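J.: Mind looking over this structure? Questions follow.
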Amino acid sequence: MHRSASRLTRILACAAVPVMLVVAGCSSDSGSKKESGGSSSSAPGAKKSVPAVAPAKFAELPDPCKAISTKTITSLVPKAKSKAGSPATSSDTSARAGCSWNGLDDNGVKGSQYRWLDVGFTRFDSDQALGSGAKRAEDDFTKQLAKTRTAEGAKKIVEAPVSGIGEQATKVTYDLTKTGEDFKYATIVARTGNVVVTLTYNGAGYAGAKTPSGADILKDAEKAAKEAVTAVADAADKQSSPSASPSKSAKSSSKSSSN
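My numbering runs 183 ahead of the 1-based position in the sequence shown.
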């Protein structure tokens, strides 16, 4: 009887071993999962990466007084005081630049025709905090239009989009009376990449001369605005294009090596 009890005790002890191992294994597996789960979770306070803004398309501005051809200036501003134009004051011509022309075409007893043309360029760099140059230019485009709409004394204001000038463009025409004469105004606000171009053209008839046609003023303004926008891209091409002809030093070096 004593032997039977002793034998039963050994059997129960052996049978208990697998059960303990299974329990221990489950406990160990549970702990490892818990630890791995903790290590894979993001650390508290971790910052999310912010996508970089797109680089600005244009790094320079054209010479504003050369942005419109001499031929166009002669046509739009007869008897211009200076066909070279009068540059606007700017502390940084790579970011903001402008030029204007004005002239009075005196026709004696038939009166005189006055014309004034002004072009301005504003360029925006891309900034991680402020946004891309193109987006900043879009915002400025809206601001420039708002200024034009609220021109002091403007009458019969008409605004409409224009196609074929930059990536977006709007024309604003209006009448304005000053110095006792009726002026016809046309302003084209255009955007190309990260640059905003604002061109204003106006005219009046003095000493009994006929007031110019608003349609003609607008047509000429659009022509000049196209040239100004094209000048932005041309300036960028000149910056990126290598010199067409080799330098004198390069020619001299080549000649020496051939001897």
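Glycine is no exception: its CB is placed at the ideal position from the N, C-alpha and C atoms. Owing to the predicted nature of the structure, the values given are computational and were not obtained by experimental measurement.
Distance check for A369 and D301, CA to CA, integer angstroms please.
T.: Position 118 of the sequence shown, counted from the first residue, corresponds to residue 301. Position 186 of the sequence shown, counted from the first residue, corresponds to residue 369. About 11 angstroms.
J.: Have a look at Q296 and G388 and give me their C-alpha separation to the nearest angstrom.
T.: Taking the first residue of the sequence shown as position 1, residue 296 is located at position 113. Taking the first residue of the sequence shown as position 1, residue 388 is located at position 205. Those two C-alpha atoms are separated by around 5 angstroms.
J.: Who are the near neighbours of A271 in its chain, counting only those whose CB is closer than 6 angstroms to its CB and skipping five residues on each side?
T.: Taking the first residue of the sequence shown as position 1, residue 271 is located at position 88. Same-chain partners within the cutoff: G281.
J.: Determine, using beta carbons only, whether A407 and I348 come nearer to each other than 7 angstroms.
T.: For the purposes of this step, residue 407 is identified with residue 224 of the sequence shown, where counting begins at 1. For the purposes of this step, residue 348 is identified with residue 165 of the sequence shown, where counting begins at 1. Not in contact: A407 and I348 (Cβ atoms no closer than 7 angstroms).
J.: Taking all protein chains shown into account, do 16 or more other C-beta atoms lie within 10 angstroms of the C-beta of L313, making it buried, or fewer, making it exposed?
T.: Taking the sequence shown and counting its residues from 1, the one referred to as residue 313 is at position 130. Looking at its Cβ environment, which holds fewer than 16 other Cβ atoms inside 10 Å, L313 is exposed.
J.: Can you tell me which of the three DSSP states T360 falls into?
T.: The residue given as residue 360 occupies position 177 in the sequence shown. Strand, per DSSP.
J.: If you draw a straight line from the alpha carbon of K354 to that of I340, how long is it in whole angstroms?
T.: Within the sequence shown, numbered from 1, the residue matching residue 354 stands at position 171. Within the sequence shown, numbered from 1, the residue matching residue 340 stands at position 157. Cα to Cα, K354 sits roughly 10 angstroms from I340.
J.: Can the beta-carbon of D308 be found less than 7 angstroms from the beta-carbon of G316?
T.: For the purposes of this step, residue 308 is taken as residue 125 along the sequence shown, with counting starting at 1. For the purposes of this step, residue 316 is taken as residue 133 along the sequence shown, with counting starting at 1. Against a cut-off of 7 angstroms, the Cβ pair of G316 and D308 comes out as a contact.
J.: Would you identify the three-state DSSP class for T383, choosing helix, strand or coil?
T.: The count along the sequence shown starts at 1 and reaches residue 383 at position 200. In the structure shown, T383 sits in a strand (DSSP, three-state: E or B).
J.: Looking at the structure shown, is G445 part of a helix, part of a strand, or coil, going by DSSP?
T.: No answer is possible for residue 445: the residues shown for the chain start at 184 and end at 442.
J.: Using DSSP's beta-bridge definition, name the partner residues of G286.
T.: Indexing the sequence shown from 1 puts residue 286 at position 103. According to DSSP, G286 bridges with A263, R298.
J.: Between the beta-carbon of S445 and the beta-carbon of L244, is there less than 7 angstroms?
T.: Given a span of 184 to 442 for the chain in the structure shown, any question on residue 445 remains unanswerable.
J.: Provide the residue(s) that pair with D310 in DSSP beta bridges, ordered along the chain.
T.: Counted from its first residue, the sequence shown places residue 310 at position 127. DSSP output for D310 lists G314 as bridge partner(s).
J.: Please name the residue or residues paired with F241 in a DSSP beta bridge.
T.: Position 58 of the sequence shown, counted from the first residue, corresponds to residue 241. None; F241 has no bridge partner.
J.: How many Å lie between L259 and R319 at the Cα?
T.: On the sequence shown, residue 259 is found 76 positions in, with the first residue counted as 1. On the sequence shown, residue 319 is found 136 positions in, with the first residue counted as 1. Roughly 32 angstroms separates the two Cα atoms.
J.: Which residue's Cα is closest to the Cα of V345: V372, D420, Q422?
T.: For the purposes of this step, residue 345 is taken as residue 162 along the sequence shown, with counting starting at 1. Of the listed residues, the one whose Cα sits closest to V345 is V372.
J.: Is P344 helix, strand or coil when you go by DSSP?
T.: Your numbering for residue 344 matches position 161 in the sequence shown. P344 falls in the strand class under three-state DSSP.
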